[in-house]
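Written below as structure tokens is the structure these notes are about.
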Amino acid sequence: MNKAAIQDCLFKISHESDGKAFKEFYRYYFNRLFRFCITIVHSKEVAEEIVHDVFMNLWEKRNHLHKIENPDVYLYVAVKNKSLDYLSKNRLRETVDISTIGNEYFVFDIDPEKMMITEEMKKKIYQTIDQLPPCCKQIFCLIREDGLKYKEAAAILNLSVKTVESQMAIAMKKLITAILIYTSEETLEKNGGAVQ
């Protein structure tokens with residue numbers, strides 16, 4: 002969904018209380034917001050509840066949606082604030098292995114013809130992302146998986162653009178290193194352990 006389609010949805014929801022447009026808007030944003038929320042609350046059930054609450058509040062205040070200039074930033078900040086409220090009320094800081102959440106929420110948009118990735122390499126990439134420091138992982142997910150700009154991610158997380166840039170550099174360096182190590186190990190295995 003491009004920015005014009007998002008604004009069209011917001012207009013229909015705001016001015017016509019269009020349920021179909023709201024459903025489309027919800028489907029477009031849910032998984033992105035859910036993934037982001039999990040990085041804060043570390044619970045699938047709580048994350049689902051928080052994201053649903055944000056959308057319920059959005060529907061209840063639909064007459065004012067046309068005033069939102071940047072829906073991405075608005076929604077991510079709303080989810081972040083609700084998540085932080087939840088944590089402060091419940092004092093919960095449990096951790097969860099992201100690999101137990103389910104792949105339907107963590108989808109990379111990769112064209113298989115452009116890049117052949119083995120299941121093992123995908124697993125290595127996900128493990129590397131999972132092992133990133135929390136802030137670094139949030140920034141990576143917002144920019145690489147959700148397609149936000151550095152400036153938008155900075156606004157959502159209340160960080161400077163420079164901090165976002167340096168955290169992305171750290172994330173990319175770790176991913177590239179993991180991929181290089183994996184591909185060199187794979188090459189060694191194909192060559193029977195002999196270095197060429």
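Per the numbering used here, residue 2 is the first one in the sequence shown, and the count goes up by one each step.
Every residue, glycine too, gets a C-beta built ideally from N, C-alpha and C.
Note that the C-beta distance between Phe26 and Cys10 is below 8 Å. Pro135 carries a helical assignment under DSSP once its states are collapsed to helix, strand and coil. Within the model, the alpha-carbon separation for Cys137 versus Phe12 is close to 34 Å.
Secondary structure in the region 132-171: the alpha helix (DSSP H) runs of 4 residues or longer, each lying completely within the stretch, are 135-141, 151-158 in chain order. For Glu61, the enclosing alpha helix (DSSP H) begins and ends at 45-61. For Ile14, the three-state secondary structure derived from DSSP is helix. Asp86: member of the alpha helix (DSSP H) spanning 72-91, first to last residue. Less than 8 Å separates the beta-carbon of Leu176 from that of Ile126. For Ile180, the secondary structure class from DSSP, reduced to helix, strand or coil, is helix.
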